[in-house]
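Numbering (the working numbering), first residue to last: 153 to 257.
Here you go:
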């Protein structure tokens, strides 16, 4: 599929806004790649960030069970700051939206 047909397909989806499509277009132009490549990267980013959150949860459970309360409190504070930074740096919401969109016709 070419970029125009992918853009038309995305614009038909109710949960993907024009702002999201514009972001994908800017990423494609900035990286000198196609929409398909950018969408693939955003989907991979969503999967990696989701797995990272699961890993953080498992580490937090291990610290809660095996460590003392101060270890858990310090981990929780560091994790809160880490997650806030993660949400500002990585476009996870757009990756989640694109994860459920099939580019196949």
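Beta carbons: idealized from backbone N, C-alpha and C, even for Gly. Computed from a predicted model, the values in this text were never measured in an experiment.
Query: Option nearest residue 224 by Cα separation, candidates 239, 208 and 255; Result: 208
Query: Span separating the alpha-carbon of residue 178 from that of residue 245; Result: 17 Å
Query: Nearest residue (CA-CA) to residue 249, options 194, 239 and 181; Result: 194
Query: Whether residue 213 touches residue 242 by CB criterion (8 Å); Result: no
Query: Per-residue burial, residue 187 [other beta carbons within 10 Å of its own, 16 or more giving buried]; Result: buried
Query: Pairwise C-alpha distance: residue 222 and residue 230; Result: 12 Å
Query: Nearest-angstrom beta carbon gap, residue 191 and residue 176 [assumed within contact, 8 Å]; Result: 7 Å
Query: For residue 210, three-class secondary structure by DSSP; Result: helix
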